[in-house]
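K.L.:
170 is the number of the first residue of the sequence shown in this note's numbering; add one for each residue after it. I have a structure here, written as structure tokens, and I will follow up with some questions on it.
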Amino acid sequence: MPPPERDGIRFEVPVLRGWLLIEHPGPWSSSVERTVPGLPARVRSAAAEHGLRINLIRRYGSRRTETGRCFVSSFAGGVPLIEEVHREQLTGRLPSIAAALTAGRPSGLGTPLTGPIFLVCTNAQRNAACGSSGTAVARAATATAGGHAWETTHVGGCRFAANLVWLPAGVYYRGLAVAELPALVEAADRGRIVLPRYRGRAGLPPDAQAAEWAVRRVTGLDAVESVRVAGIGPADASGHRLVEVLTTRGTYRVTVHPRGQSGLRYEAVGVTGPGQHEDRPGTDRGSTPEHGPCPIIRAASERR
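If you want it as structure tokens, here you go:
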């Protein structure tokens, strides 16, 4: 089971700009590199250049069937997009498709997908919990979402299994149970997030992820497009940063603080809303912080 929540702490997700999904029936090793050692260098370099995570996918229960389907998905350009391309075309087309999608525009080289993709990590070679709980959730996702559901290799955060990623929105879910899949799929159809299982949204730097998660926790806003990180301020002497978050209820300013020395994990320690009070995620309302407007030093969508 996932670890219990503590005040202000969120369930961080990988920082990336999009995904390259390659159909592969398995068996899967502990990494993509070991499973597909012959993946063309041009595919690897294009994925790395544009910040795409390479994952293998397969249909639930289809360990021998491969149709050559590949998908490129990105949310980095502010417009969530997915395009399908056949594996035989991947080497020649991926650089142009990745460049277009990460800039927020269709490439014209792949087939656009209008529906979502649900990825469930079932990579038992990487983590036994993903193999057991993930497989059960993948079965339920297939029964609920049909062709929109896929098993996938490692997505990060094995300790949170079962993990599910909803593309192209870049939404991560944690600790899912089979019975929760119908509500999750129905919410995705309406562009909404099931907040109790929400880990965060990929495509944002760690400090912005913490702020976005905290604002949703405080406000209960669950529409994907109802919360947007506008910018991130400089760190003060103690490492705190101020993150400006735009919502359908007004502008929120979130104070975040790094966890550890890596700079890859942050927690939200205070949220100031339009009413100028401060909320701490998961606690009662606190005092008004003594800070002014957020001095933006970088856009939230910048790579880090």
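Ideal placement from N, C-alpha and C gives every residue a C-beta, glycine not left out.
Express the C-alpha separation of His323 and Ile401 in angstroms, rounding to a whole number.
P.N.:
Reading the sequence shown from its first residue, position 232 is the one you call residue 401. Reading the sequence shown from its first residue, position 154 is the one you call residue 323. So the two alpha carbons sit approximately 29 Å from each other.
K.L.:
Please return the same chain residues whose Cβ sits closer than 8 Å to the Cβ of Tyr342, not counting the five positions on each side in sequence.
P.N.:
Mapped onto the sequence shown, residue 342 falls at position 173. Once the five neighbours on either side are set aside, the close Cβ partners of Tyr342 are Asn332, Leu333, Val334, Trp335, Leu353, Val363, Arg366, Tyr367 and Arg368.
K.L.:
Classify Glu252: buried if its beta carbon has 16 or more other beta carbons within 10 angstroms, exposed otherwise.
P.N.:
Here residue 252 corresponds to residue number 83 of the sequence shown, with the count starting at 1. Flag for Glu252 reads buried.
K.L.:
State buried or exposed for Glu436, treating a residue as buried only when at least 16 other CB atoms are found within 10 Å of its CB.
P.N.:
Against the sequence shown, residue 436 aligns to sequence position 267. Buried, since its Cβ has 16 or more Cβ neighbours within 10 Å.
K.L.:
Which parts of the region 250-316 are runs of the alpha helix (DSSP H), unbroken and 4 residues or longer, counting only runs that do not cross its ends?
P.N.:
Counting only runs of 4 or more, we get 256-271 and 297-314.
K.L.:
To the nearest angstrom, how far is it from the Cα of His193 to the Cα of Val184?
P.N.:
As a first step, residue 193 must be located in the sequence shown, where it is residue number 24. As a first step, residue 184 must be located in the sequence shown, where it is residue number 15. For His193 and Val184, the distance between alpha carbons rounds to 24 Å.
K.L.:
What did DSSP end up calling Leu364 once you bin it into helix, strand or coil?
P.N.:
Sequence index remark: in the sequence shown, residue 364 carries index 195 (1-based). Residue state, collapsed to three classes: helix.
K.L.:
Can you list, in chain order, the residues of its chain whose CB lies under 7 Å from that of Ala268, leaving out five sequence neighbours each side?
P.N.:
Reading the sequence shown from its first residue, position 99 is the one you call residue 268. For Ala268, where only same-chain residues beyond five positions count, the Cβ hits under 7 Å are His219.
K.L.:
Suppose you measure from the CA of Ala305 to the CA of Val347; what does that come to, to the nearest Å?
P.N.:
Against the sequence shown, residue 305 aligns to sequence position 136. Against the sequence shown, residue 347 aligns to sequence position 178. Approximately 7 Å, taken between the alpha carbons.
K.L.:
Less than 8 Å separating the beta-carbons of Val384 and Ala399?
P.N.:
By 1-based counting over the sequence shown, the position of residue 384 is 215. By 1-based counting over the sequence shown, the position of residue 399 is 230. No, they are not a contact pair.
K.L.:
From the DSSP output, read off the bridge partner residues of Pro194.
P.N.:
Against the sequence shown, residue 194 aligns to sequence position 25. DSSP lists no partner for Pro194.
K.L.:
So for Pro375, helix, strand or coil by DSSP?
P.N.:
Start at 1 with the first residue of the sequence shown, and residue 375 comes out as number 206. Three-state DSSP puts Pro375 in a helix.
K.L.:
With H, G and I counted as helix, E and B as strand and the rest as coil, what does DSSP make of Ala338?
P.N.:
Residue mapping note: residue 338 aligns to position 169 of the sequence shown, counting from 1. Coil.
K.L.:
Taking C-beta to C-beta, are Leu225 and Thr321 nearer than 8 Å?
P.N.:
The residue labelled residue 225 in the question sits at position 56 within the sequence shown. The residue labelled residue 321 in the question sits at position 152 within the sequence shown. Closer than 8 Å, so yes.
K.L.:
Which of helix, strand or coil does DSSP assign to Thr452?
P.N.:
For the purposes of this step, residue 452 is taken as residue 283 along the sequence shown, with counting starting at 1. Annotation note: pLDDT 44 at Thr452 (below 50); position unreliable, coordinate value reported separately. Thr452 falls in the coil class under three-state DSSP.
K.L.:
Do Gly277 and Val254 have their beta-carbon atoms positioned less than 8 Å apart in this structure?
P.N.:
One-based indexing of the sequence shown puts residue 254 at position 85. One-based indexing of the sequence shown puts residue 277 at position 108. Going by C-beta atoms, Val254 is not nearer than 8 Å to Gly277.
K.L.:
Tell me the residue span of the alpha helix (DSSP H) that contains Ser214.
P.N.:
Numbered from its first residue, the sequence shown carries residue 214 at position 45. Element bounds for Ser214: Ala210 to Glu218.
K.L.:
Any idea what DSSP makes of Leu433, helix, strand or coil?
P.N.:
Indexing the sequence shown from 1 puts residue 433 at position 264. Correct three-state label for Leu433: coil.
K.L.:
Going by alpha carbons, who is nearest to Ser243 out of Gln258, His409 and Leu282?
P.N.:
Here residue 243 is taken as the residue at index 74 of the sequence shown, counted from 1. Out of Gln258, His409 and Leu282, Leu282 has the C-alpha closest to the C-alpha of Ser243.
K.L.:
Where does the unbroken alpha helix (DSSP H) through Val354 begin, and where does it stop?
P.N.:
Mapped onto the sequence shown, residue 354 falls at position 185. Unbroken alpha helix (DSSP H) run through Val354: Leu350 to Asp358.
K.L.:
Output the distance between the C-alpha atoms of Leu189 and Val205, rounded to the nearest integer angstrom.
P.N.:
Here residue 189 refers to the residue found at position 20 when the sequence shown is read from its first residue. Here residue 205 refers to the residue found at position 36 when the sequence shown is read from its first residue. Taking the straight line from one Cα to the other gives about 14 Å.
K.L.:
Around the Cβ of Arg186, are there at least 16 other Cβ atoms within 10 angstroms (buried) or fewer (exposed)?
P.N.:
Your numbering for residue 186 matches position 17 in the sequence shown. Under this definition Arg186 is a buried residue.
K.L.:
For Ala380, does the count of other Cβ atoms within 10 angstroms reach 16, so buried, or fall short, so exposed?
P.N.:
As a position in the sequence shown, residue 380 is number 211, starting the count at 1. By the neighbour-count rule (16 or more Cβ atoms within 10 Å), Ala380 is buried.
K.L.:
Gly273 and Glu257: beta carbons closer than 8 Å?
P.N.:
Taking the sequence shown and counting its residues from 1, the one referred to as residue 273 is at position 104. Taking the sequence shown and counting its residues from 1, the one referred to as residue 257 is at position 88. Not closer than 8 Å, so no.
K.L.:
For Ala312 and chain B, any beta-carbon pair shorter than 8 Å?
P.N.:
The structure shown contains no chain B, having only a single protein chain.
K.L.:
Leaving out five residues on either side along the sequence, give the residues of the same chain with a beta carbon under 7 Å from the beta carbon of Val212.
P.N.:
For this step, residue 212 is matched to residue 43 along the sequence shown. Same-chain partners within the cutoff: Leu259, Thr260 and Leu263.
K.L.:
In angstroms, rounded to a whole number, what distance separates the CA positions of Gly339 and Pro351?
P.N.:
Walking along the sequence shown from the start, residue 339 turns up at place 170. Walking along the sequence shown from the start, residue 351 turns up at place 182. Whole-angstrom Cα-Cα distance: 19 Å.
K.L.:
Would you call Val438 buried or exposed, if buried means 16 or more other Cβ atoms sit within 10 Å of its Cβ?
P.N.:
In the sequence shown, residue 438 corresponds to position 269, counting from 1. Val438 comes out buried.
K.L.:
Grab the span of the alpha helix (DSSP H) containing Thr417 for me, first residue to last.
P.N.:
Here the question's residue 417 lines up with position 248 in the sequence shown. Premise fails: Thr417 is in no alpha helix (DSSP H) and is neither H nor E.
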